[in-house]
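For reference, the structure is listed below as structure tokens.
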Amino acid sequence: MLRKVVMAVALFGALAGGVSACNTAEGVGKDMQSAGEAVEEEAE
Numbered sequence: 138m139l140r141k142v143v144m145a146v147a148l149f150g151a152l153a154g155g156v157s158a159c160n161t162a163e164g165v166g167k168d169m170q171s172a173g174e175a176v177e178e179e180a181e
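If you count by the numbering used here, then the sequence shown holds residues 138 to 181, one letter each, in order.
In structure tokens form, the structure reads like this:
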């Protein structure tokens, strides 16, 4: 359980960095999608 929490926090941090580098709404959507996919893979 702790591993999932740590992964989620790390993923959120990476997402925050990615979003700050994104200039378009489309790019933010892609970042959100890839983050969601990573969370799904970790949950399995």
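Ideal Cβ positions, reconstructed from N, Cα and C, are used throughout, including at glycine.
Proximity below 7 angstroms, CB of residue i to CB of residue j
i           : j           : result
residue 180 : residue 148 : no
Reference residue i, options the options, closest by Cα
i           : options       : result
residue 165 : 152, 174, 176 : 152
Alpha-carbon spacing of residue i relative to residue j, whole angstroms
i           : j           : result
residue 140 : residue 168 : 22 angstroms
residue 142 : residue 174 : 16 angstroms
residue 150 : residue 144 : 10 angstroms
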